[in-house]
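Working notes, structure below.
The structure is reproduced here in structure tokens:
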């Protein structure tokens, strides 16, 4: 298992009003991953919404791209201490995914799942009301493979490990179930402004 960049407690950094504690600004987009980068062709991509183990609806690439598209420009913050300002994304809001599936609020928690077996937990309150999307474009272009293309979750107000690369589904769960990094000592929630990097922070 590769853990490029996912070790060590960062310290210091810019404390300006847009930069959370312990972070520093970058003008490039670092590539971090928990394992090998998968090669997923749009024709092979599918996104599935589940309630517990039960699939509710699935979309192929064309069907997903026919859903309402939203543009979002946000600052992003990685647990490894870098922050990047004004990143521009386009994709489908989680609200619009749930609406298309006819799902409102079966539980308070979800797990995001990815093609490479990765998962991460996010409360519904942090995905709904325009806060998060499944992003299909970055800076006006298709998302590169290294950054999670063809589609990644974008939850910009939490540490960026919550924005799962190569996302292929969301699953409602009865409780706040930890995902890949949460099971390995990362914080269950991950608020950058509270420096919730590791369990116990």
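Residue numbers (full-length UniProt numbering): 1 to 201. Just so you know, even glycine gets a beta-carbon here, dropped at the ideal spot from N, CA and C.
Item: Which term fits residue 4, buried or exposed, when burial requires 16 or more other beta carbons within 10 angstroms of its beta carbon?; Value: Residue placement at residue 4 is flagged as unreliable, the pLDDT there being 34, under the threshold of 50; a coordinate-derived value is accordingly withheld.
Item: What does a CB cutoff of less than 7 Å around residue 267 pick up in its chain, not counting 5 residues either side in sequence?; Value: Given a span of 1 to 201 for the chain in the structure shown, any question on residue 267 remains unanswerable.
Item: Distance check for residue 21 and residue 52, CA to CA, integer angstroms please.; Value: 36 Å
Item: Residue 62 by DSSP, collapsed to three states: which one?; Value: helix
Item: Starting from residue 128, trace the beta strand (DSSP E) in both directions and tell me its first and last residue.; Value: Per DSSP, residue 128 belongs to no beta strand (DSSP E) and is neither H nor E.
Item: Whole angstroms are fine: how far does the CA of residue 71 sit from the CA of residue 142?; Value: 13 Å
Item: Roughly how many angstroms lie between the CA atoms of residue 138 and residue 161, to the nearest whole one?; Value: 17 Å
Item: Secondary structure at residue 19, three-state DSSP: helix, strand or coil?; Value: coil
Item: Would you kindly work out how many angstroms separate the C-alpha atoms of residue 127 and residue 96, rounded to a whole number?; Value: 11 Å
Item: Let me confirm a value: residue 17 is counted as buried when at least 16 other C-beta atoms fall within 10 Å, else exposed. Which label applies?; Value: exposed
Item: What separation, rounded to the nearest whole angstrom, lies between the Cα atoms of residue 76 and residue 36?; Value: 23 Å
Item: Per the DSSP calculation, residue 76 is bridged to which residue(s)?; Value: 84
Item: Could you compute how far the alpha carbon of residue 163 sits from the alpha carbon of residue 149?; Value: 12 Å
Item: Assuming residue 153 is part of the beta strand (DSSP E), what are its boundary residues?; Value: 152 to 154
Item: Quick check: residue 94 and residue 125, are their CB atoms within less than 8 Å of each other?; Value: no
Item: Would residue 60 and residue 115 qualify as a contact pair, given that the criterion is a beta-carbon distance under 8 Å?; Value: no
Item: In terms of residues, what are the limits of the alpha helix (DSSP H) holding residue 99?; Value: 94 to 101
Item: To the nearest whole angstrom, what separates the beta carbons of residue 152 and residue 165, a pair I think is in contact under 8 Å?; Value: 5 Å
Item: Can the beta-carbon of residue 83 be found closer than 8 Å to that of residue 19?; Value: yes
Item: Please check the pair residue 192 and residue 159, which I expect to be a contact at CB under 8 Å, by giving their CB distance rounded to whole angstroms.; Value: 5 Å
Item: Expressed to the nearest angstrom, what Euclidean distance is found between the alpha-carbon atoms of residue 34 and residue 54?; Value: 27 Å
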